[in-house]
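Notes for the one structure printed next.
In my numbering, the protein residues as written are 19 to 217.
Quick look at the structure:
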């Protein structure tokens with residue numbers, strides 16, 4: 019497997035993926051991709067794109083960095099397909115690679131934009147003007163968090179990953195993921211205490 023199908027990755031991030039493949043069907047797609055089928059790999063990309071982006075966006079400060087991390091992650095995954103073992107969960111294996119790519123980008127680019135937040139971070143209990151204020155405060159509070167705590171918080175509370183899944187993606191013990199989430203939540207509560215106390 020020498021050529022990397024770059025054109026496969028040049029798809030709009032907003033295109034919704036198809037329903038998740040059945041385990042047997044996905045296993046067959048992986049086998050075909052390992053044998054050099056670009057069509058099979060393209061289907062794997064299309065199936066896992068949204069979740070891969072969510073993982074990257076939880077770690078990266080900007081949409082652009084997250085897209086770069088997803089592309090880097092899929093390229094690394096394509097090159098490493100021959101080493102993938104069928105008994106592994108493909109999504110977990112892929113998300114770990116994407117998370118590592120996102121962390122690498124984060125280490126190279128420490129400048130953070132406090133206004134860049136996942137669109138899923140919304141608070142329906144507030145009217146639009148209050149939500150705008152809260153969004154700014156929440157953004158500032160998130161940016162102050164240590165990078166790993168912020169990643170764990172968003173992956174768990176926004177994207178719904180378990181502590182074990184987060185630990186696998188970030189290469190940390192499950193207990194560390196739990197501890198990071200506890201500290202991140204406590205920090206946010208402290209920094210946003212005045213906003214919540216007004217309600």
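The C-beta atom is built at its ideal place from N, Cα and C for all residues, glycine as well. Every value quoted in this text rests on a predicted model; they were computed, and no experiment measured them.
Item, Value
"Decide if the stretch 41-55 is in contact with the stretch 69-83; the criterion is three or more beta carbon pairs, one per stretch, under 8 Å apart.", "no"
"Contact between the stretch 110-121 and the stretch 182-193: three or more CB pairs below 8 Å?", "yes"
"Thinking C-alpha only, which one of 109, 204, 205 and 77 is nearest residue 127?", "77"
"Would you kindly report the start and end of the unbroken alpha helix (DSSP H) that includes residue 186?", "181-188"
"Report yes if the C-beta distance between residue 159 and residue 205 is below 9 Å; otherwise report no.", "yes"
"Buried or exposed, going by whether 16 or more other CB atoms sit within 10 Å of the CB of residue 169?", "buried"
"Which same chain residues, not among the five before or five after residue 110, have their C-beta less than 7 Å away from its C-beta?", "183 and 186"
"Distance check for residue 62 and residue 99, CA to CA, integer angstroms please.", "12 Å"
"In the DSSP assignment, the alpha helix (DSSP H) including residue 197 goes from what residue to what residue?", "192-209"
"With respect to the alpha helix (DSSP H) encompassing residue 165, which residues constitute its N-terminal and C-terminal limits?", "165-171"
"Tell whether a beta-carbon distance below 9 Å holds between residue 102 and residue 70.", "no"
"Starting from residue 90 and walking both ways along the alpha helix (DSSP H), at which residues does that stretch end?", "81-98"
"Considering only residues of the same chain and omitting the five flanking positions on each side of residue 172, which have a CB-CB separation below 6 Å?", "76"
"Counting along the chain, where does the alpha helix (DSSP H) carrying residue 56 start and finish?", "56-77"
"Between the C-alpha atoms of residue 207 and residue 201, what's the straight-line distance to the nearest angstrom?", "10 Å"
"Using DSSP with H/G/I as helix, E/B as strand and the rest coil, what is residue 177?", "coil"
"Nearest CA to the CA of residue 68: which residue from 113, 175, 195 and 194?", "113"
"I need the DSSP call for residue 52, collapsed to helix, strand or coil.", "helix"
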